[in-house]
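Q: Starting off with a structure, shown below.
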Amino acid sequence: MSQQFTPNNPLPQEVHVPDRVAKFSPEVEAEIDRHLAKYPVKRSAILPLMFIVQRERGYLDPPGVAYLADRLGVRITDIWEVATFYSMINTEPVGKYHLQICKTLSCKIMGEPKITEHVCTRLGIKPGETTPDGRFSVSLVECLGSCGTAPMMQIGFDYYESLTTEKVDEIIEKCESDTLSNGVR
Amino acid sequence: MFIGAIGCEPLQLRRVGLERSRTLDVYRRNGGYESLQKVLDGMSPDDVIGEVKKSALRGRGGAGFPTGMKWSFVPKDSPKPKYVVCNADESEPGTFKDRYLMERDPHMLIEGMLIAAYALGARVNYIYTRGEYRYLIEIMDAALDEARAAGLLGEKILGTDFNCEIYTHTGAGAYICGEETALLNSLEGLRGHPRMKPPFPAVAGLYGCPTVVNNVETLTAVPDIIKMGGEAYQKLGTEKSGGTKLWSVSGHVNRPGVYELPMGYDDMEKFIMEDCGGIPNGRQLKAVIPGGSSVYIMPASDIIGKDVRMDYEGLVAAGSSVGSGGFIVMDDTVDVFESTKNLTEFYKHESCGWCTPCREGTDWLVKIFKRIESGGGRPDDAQLLLDLVDNIEGKSFCPLGDAASWPIQSAIKKFPEDFRRRVANGTNGDAGLPTA
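Protein chains in written order, with the working numbering: chain A, 1045 to 1229; chain G, -2 to 433.
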């Protein structure tokens, strides 16, 4: 607790150990540079960069946080402060297939409870949990802007709409065999 | 899902059905970028703002503030850079119109933003899209690249001295970032907490500079306003609510979808029963939330036979408001206690935690709803809920607290029997909302 985080001393000693700061390929670094170039203030790129770290490392882990603090010239606490505000930033590992079922009103009245029950029974987990093999996570989330095609869920960044229990079975089978293609495009 | 216009020629939706409607080629062959050309050919920034004022265009994000007036608040003599920020953080439950505008016609948004940037003297501009709409960010990026390659974006646009850049930006799952000052904080790389107003963004917005934040549907209306003239656009609607409006229709109707209606469309009963195909499975209409979850709920008795005019004034007169145009239809299987609890949970989840009345109040509301649901209802619970929302409404920086209060106030007032049954008898054994 004695460690002072200041702009001049952005990283606590223990994370200055090289492998405690994430490293990325030149291609990813170039992608990060392209985002940084959009803004007059580097910190503005914090969310786009968090998504990149998350994509590369599975979730926003401490070395990823240390990397962002270095890259954006802010304190580690600044990164955590933002990361914990946004529901799409995962600060803990999630399953390879994260089934996010919309539970807000339009989906609710159009059959979300049935879909949720079906998904949970099939995977043997409750909303908020991950299967022991780390393959599936299920969450109930708030409105995803798909109300005219309710009920729906999002897996990764893809939308799966007008769901029925049959459609859900098909999607989960594809996840199990790693042959899931994009949802709505 | 239906996408189209009823009661008018499609304006904002006129290209959505075309093959390859996303491409610059199709956009240009269907009148695209002619308005930008017209502006650059000889309209001054004041001329543009004047046309938008004449159009009676009101902000389509939910608040309905007159767009031309918002633009005119930007100080012309400020030495600071100015910004136009497009609010594509569409998160209001029941609303999905911006999604289809960006998915099917991204260049219309780019043209609208370019004209707004010209009028306001903005050189760098951002489209803030909710993080879940990743595929739309990819579509917008592709369209922006196309526009850049065609000399419509960047330096010396269309051979003039007008320089302008537009970038996409991603949110990361926070409803509150649809509130314009929270959006600006988020764009600056901070938590999405709303700011105290004043100063308004027009004076001190992004990075403390003059900024206009407009909804997607607002900006996509601008090219047509320039093309046909503000007055002609206004005449498509009513005196105070100009033009056309997109309604996102969901819930218990036979034909959900995105409907473009002239402002002042007459009337809501016909819209639900005929245009949207009526209520499925022979059920009766029970209630409508016409403008996204944050507006007052309307019982069928306030709609059927009441000639409710669908514009800002008409809906206020009928006891609700246009909001974002997120039109949620509920049949008689829905228990309004349950639907209100569902929305209250939404607001509790999305309260950003900045202001105590909203952070604590929404949590208490959910606790009371859960207690009633589990059979612990007390006779004075409805009054307790009303007292609680009275201590939230108007007592926080942004309207999220108000938005959490209004559904409860109107639900208790309009559907007292749904609350009375729960409170008096404890649980009625109905664990979830009925499914279709």
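Each residue gets a CB set at the ideal place from its N, CA and C atoms; glycine is no exception.
Considering only the alpha carbon of each residue, which of G/N388, G/L383, G/V285 lies closest to G/G91?
A: Here residue 91 of chain G corresponds to residue number 94 of the second sequence, with the count starting at 1. The residue with the shortest Cα to Cα distance from G/G91 is G/V285.
Q: Are the CB atoms of G/G391 and G/V420 within a distance shorter than 7 Å?
A: To locate residue 420 of chain G, count along the second sequence from 1; it is residue 423. To locate residue 391 of chain G, count along the second sequence from 1; it is residue 394. No, they are not a contact pair.
Q: Once you ignore the five residues that flank G/E310 on each side, which residues in its own chain have a CB closer than 8 Å to its CB?
A: For the purposes of this step, residue 310 of chain G is identified with residue 313 of the second sequence, where counting begins at 1. So the list reads T235, K237, S238, once near-sequence residues are dropped.
Q: Helix, strand or coil: how does DSSP classify G/D263 here?
A: To locate residue 263 of chain G, count along the second sequence from 1; it is residue 266. Strand, per DSSP.
Q: By Cβ distance, which residues of its chain are closer than 7 Å to A/R1101, with the 5 residues on each side in sequence left out?
A: Within the first sequence, numbered from 1, the residue matching residue 1101 of chain A stands at position 57. Counting only Cβ-Cβ distances below 7 Å, and skipping sequence neighbours, we find A1066, G1108.
Q: Under a Cβ-count criterion, where at least 16 other Cβ atoms within 10 Å of its own Cβ denotes burial, should G/S75 be classed as buried or exposed?
A: Position 78 of the second sequence holds residue 75 of chain G. Exposed: under 16 other Cβ atoms inside 10 Å.
Q: Provide the residue(s) that pair with G/K242 in DSSP beta bridges, ordered along the chain.
A: For the purposes of this step, residue 242 of chain G is taken as residue 245 along the second sequence, with counting starting at 1. G/L258.
Q: So with CB distances below 7 Å, who are the chain G contacts of A/A1194?
A: The residue labelled residue 1194 of chain A in the question sits at position 150 within the first sequence. By Cβ distance, chain G contributes S247.
Q: Between which two residues does the beta strand (DSSP E) holding G/A85 run?
A: Position 88 of the second sequence, counted from the start, is the residue given in the question as residue 85 of chain G. Here the beta strand (DSSP E) through G/A85 covers 80 to 85.
Q: For the beta strand (DSSP E) that contains G/P283, what are its first and last residues?
A: Translated into positions along the second sequence, residue 283 of chain G becomes position 286. What sits at residue 283 of chain G in the sequence shown is Lys, not Pro. Where G/K283 is concerned, the enclosing beta strand (DSSP E) stretches over 282 to 286.
Q: Going by DSSP, what residues sit across from G/P63 in a beta bridge?
A: Against the second sequence, residue 63 of chain G aligns to sequence position 66. G/R55.
Q: Which residues in the same chain as G/N425 place their Cβ atom closer than 7 Å to its Cβ, once the five residues preceding and following it in sequence are excluded?
A: The residue you call residue 425 of chain G lines up with position 428 of the second sequence. For G/N425, the predicted structure reports a pLDDT of 45, less than 50, and the residue's modelled location is therefore unreliable. The matter cannot be settled from this model.
Q: Is A/I1215 helix, strand or coil when you go by DSSP?
A: Counted from its first residue, the first sequence places residue 1215 of chain A at position 171. Residue state, collapsed to three classes: helix.
Q: For a contact defined as C-beta to C-beta under 7 Å, what are the partners of G/E152 on chain A?
A: As a first step, residue 152 of chain G must be located in the second sequence, where it is residue number 155. Result: empty, since nearest Cβ-Cβ is about 15 Å, beyond 7 Å.
Q: List the residues that DSSP assigns as beta-bridge partners of G/T165.
A: On the second sequence, residue 165 of chain G is found 168 positions in, with the first residue counted as 1. Partner(s): G/I124.
Q: Can you name the residues of chain A whose CB is closer than 9 Å to the CB of G/A171?
A: Position 174 of the second sequence, counted from the start, is the residue given in the question as residue 171 of chain G. Chain A residues near G/A171: F1129, Y1130, S1131, M1132.
Q: So G/Y130 contacts chain A; which residues on that side make the cut at Cβ distance below 8 Å?
A: For the purposes of this step, residue 130 of chain G is taken as residue 133 along the second sequence, with counting starting at 1. Result: G1189.
Q: Checking 7 Å against the spacing of the C-beta atoms, do G/E257 and G/L15 come in under that value?
A: Here the question's residue 257 of chain G lines up with position 260 in the second sequence. Here the question's residue 15 of chain G lines up with position 18 in the second sequence. Cβ distance not < 7 Å, so G/E257 and G/L15 don't count as in contact.
Q: Chain A partners of G/Y256, CB-CB under 9 Å?
A: Position 259 of the second sequence, counted from the first residue, corresponds to residue 256 of chain G. Chain A residues near G/Y256: none, gap ~10 Å exceeds 9 Å.
Q: Only counting the same chain, and skipping five residues up and downstream in sequence, which positions put a Cβ closer than 7 Å to that of G/S317?
A: The residue labelled residue 317 of chain G in the question sits at position 320 within the second sequence. Correct list, in chain order: P287, G288, V292, Y293, M295.
Q: Report buried or exposed for G/P413, applying the criterion of at least 16 other Cβ atoms within 10 angstroms of its Cβ.
A: The residue labelled residue 413 of chain G in the question sits at position 416 within the second sequence. With fewer than 16 other Cβ atoms within 10 Å, it is exposed.
Q: When the cut-off is 7 Å and only beta carbons count, does G/P198 lie next to chain A?
A: Here residue 198 of chain G is taken as the residue at index 201 of the second sequence, counted from 1. Judged by the 7 Å Cβ criterion, G/P198 is not in contact with chain A.
Q: Which residues in chain G sit within 9 Å of A/T1148, going by Cβ to Cβ distance?
A: Along the first sequence, one-based indexing puts residue 1148 of chain A at 104. The contacting residues are P90, G91, S290, N339, L340, E342, F343.
Q: For the beta strand (DSSP E) containing G/Q406, list its first residue and its last residue.
A: To locate residue 406 of chain G, count along the second sequence from 1; it is residue 409. G/Q406 -> not in any beta strand (DSSP E); alpha helix (DSSP H) instead, spanning 397 to 411.
Q: Going along chain A, which residues have a C-beta under 7 Å from G/R96?
A: On the second sequence, residue 96 of chain G is found 99 positions in, with the first residue counted as 1. Ordered by position in chain A, the residues that pass the 7 Å Cβ test against G/R96 are G1189.
Q: Take A/K1086 and list the residues in its own chain whose beta-carbon comes closer than 7 Å to its own, dropping the five residues that flank it on each side.
A: Numbered from its first residue, the first sequence carries residue 1086 of chain A at position 42. Contacts found: L1080, L1116, G1117.
Q: Note down, in chain order, each residue of its chain lying with its Cβ closer than 6 Å to the Cβ of A/T1174, except the 5 sequence neighbours on either side.
A: By one-based count along the first sequence, residue 1174 of chain A stands at place 130. Answer for A/T1174: G1139, S1181, listed in chain order.
Q: Taking the alpha-carbon positions, what's the G/E31 to G/H104 distance?
A: Position 34 of the second sequence, counting from 1, holds the residue named residue 31 of chain G. Position 107 of the second sequence, counting from 1, holds the residue named residue 104 of chain G. If you take the alpha carbons of G/E31 and G/H104, they lie about 12 Å apart.
Q: Are the C-beta atoms of G/M253 and some chain A residue less than 7 Å apart?
A: Translated into the one-based positions of the second sequence, residue 253 of chain G becomes position 256. The sequence given here places Pro at residue 253 of chain G; Met does not occur at that position. Answer yes: the Cβ-Cβ gap between G/P253 and chain A drops below 7 Å somewhere.
Q: For G/E143, decide whether its Cβ has a neighbour in chain A, counting only Cβ atoms nearer than 7 Å.
A: Numbered from 1 along the second sequence, position 146 holds the residue referred to as residue 143 of chain G. It does not; no Cβ of chain A falls within 7 Å.
Q: Whole angstroms are fine: how far does the CA of G/T20 sit from the CA of G/V326?
A: If you number the second sequence from 1, residue 326 of chain G lands on position 329. If you number the second sequence from 1, residue 20 of chain G lands on position 23. Computed Cα separation, rounded: 34 Å.
Q: Can you tell me the Cα-Cα spacing of G/P42 and A/R1099, whole angstroms?
A: Sequence index remark: in the second sequence, residue 42 of chain G carries index 45 (1-based). Sequence index remark: in the first sequence, residue 1099 of chain A carries index 55 (1-based). Straight-line Cα distance between these residues: approximately 43 Å.
Q: Can you tell me which of G/A315, G/T215, G/L385 puts its alpha carbon nearest to the alpha carbon of G/G438?
A: The shown model of chain G, from -2 to 433, leaves out residue 438 of chain G, and the question about it has no answer.
Q: Under 8 Å: do the segment 110 to 122 of chain G and the segment 44 to 52 of chain G share three or more Cβ pairs, one atom per stretch?
A: The segment 110 to 122 of chain G is in contact with the segment 44 to 52 of chain G.
Q: Closer than 6 Å by C-beta to G/G429: which residues in its own chain qualify, once you throw out the five before and the five after it? Chain order, please.
A: For the purposes of this step, residue 429 of chain G is identified with residue 432 of the second sequence, where counting begins at 1. With a pLDDT of only 40 at G/G429, under 50, the local geometry of the prediction cannot be trusted, and the value read off the model is given with reservation. None.
Q: With a threshold of 8 Å, are at least 3 pairs of Cβ atoms found where one atom belongs to the segment 356 to 363 of chain G and the other to the segment 378 to 385 of chain G?
A: In short, these stretches touch, since the Cβ pair count reaches three.
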